[in-house]
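Some notes on the structure that comes next.
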Amino acid sequence: MSPQIQWITLLWMLFSGAALGVAYDSYRVLSGQLHFPKWTLHVLDVLYWSAAALFVFRMLYISNYGQLRFYVFVGLFIGVWLYFLILSVTTQRFVVMLIRTVRYVIDVVKRLFQALVWAPIRAILKLLKWIAVMIGSLLMFLLHVILRCLKPFWKLLQWMLRPITSRLKMPEWFTKFLTAAAELWKRWFSKE
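Everything in the sequence shown is counted per the working numbering, starting at 1 for the first residue and increasing by one.
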């Protein structure tokens with residue numbers, strides 16, 4: 001392997017070590033801010049280290065076709081060390097700021113949704129309910145007026161049919177039904 005490929009590999013490993021540091025700090029801040037359950041942290045750790053290993057081996061394969069040498073480990077170590085020395089605090093602050101920004105945007109979108117979509121829908125539903133109640137009240141009033149107007153005709157019809165109905169014997173269950181219906185009618189439509 002030529003010295004040029006070795007230096008390119010070393011630079012790729014420095015970059016890979018810094019990228020691992022960025023990913024680790026981001027993961028650590030996210031898991032602290034989002035309060036994952038403790039059992040999921042172990043799963044996330046395994047996922048992080050698996051992804052990190054795949055990333056490093058992919059970078060190694062790109063730079064020198066996967067040849068593993070001592071300077072590869074040195075490059076990774078120096079890249080991670082320089083990252084934690086120089087950029088770790090900045091990355092952590094950036095990730096915290098990014099989380100706050102995302103939460104703020106979600107809160108604004110939620111408020112806009114409530115103000116522009118949910119509040120008008122609720123107002124329309126209340127208006128429709130009020131209209132339905134008003135129409136129902138109006139229909140009940142009209143029915144009451146119509147029945148009051150038809151009461152004299154009903155009395156006249158009863159008087160005219162009394163000779164026929166007095167000779168008919170109604171079944172007992174039908175008389176009970178008519179009595180219950182009359183009681184219900186009085187309860188619903190009486191003025192008291």
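By construction, the Cβ of each residue, glycine as well, lies at the ideal position given by its N, Cα and C atoms.
- In the structure shown, the three-state DSSP call for TYR65 is coil.
- Taking 8 Å as the cut-off, the beta carbon of THR91 is found no closer than this to the beta carbon of ASP45.
- Counting along the chain, SER31 sits inside the alpha helix (DSSP H) bounded by residues 3-34.
- Sequence-distant partners of LEU20 (beyond 5 residues in either direction) whose C-beta falls short of 7 Å from its own C-beta, in its chain, are ALA52, VAL80.
- Apart from sequence neighbours up to five positions away, the residues of its chain that approach ALA18 with a beta-carbon distance below 6 Å are GLY79, TYR83, ordered along the chain.
- A Cβ-Cβ contact shorter than 8 Å links LEU147 with PHE189.
- CA-to-CA, the gap between ARG162 and LEU168 works out to about 10 Å.
- DSSP, reduced to helix, strand and coil, places MET134 within a helical segment of the structure shown.
- Spatial neighbours of LEU68 in its own chain (CB-CB distance under 8 Å, excluding positions within 5 residues in sequence) are listed in chain order as LEU60.
- For GLN92, the enclosing alpha helix (DSSP H) covers residues 88-113.
- Secondary structure at PRO37: coil, using DSSP grouped into helix, strand and coil.
- Taking all protein chains in view, the Cβ of LEU139 is surrounded by fewer than 16 other Cβ atoms within 10 Å, so the residue is classified as exposed.
- Just so you know, the alpha carbons of LYS110 and VAL56 end up roughly 40 Å apart.
- Excluding its 5 nearest sequence neighbours in each direction, VAL96 has C-beta neighbours in its own chain below 8 Å: VAL29, GLN33, listed in chain order.
- For TRP185, the enclosing alpha helix (DSSP H) has its first and last residue at 172-189.
- In the structure shown, LEU168 adopts coil according to DSSP, grouped into three states.
- Counting the other CB atoms within 10 Å of its CB gives TRP12 a total of 16 or more, which places it among the buried residues.
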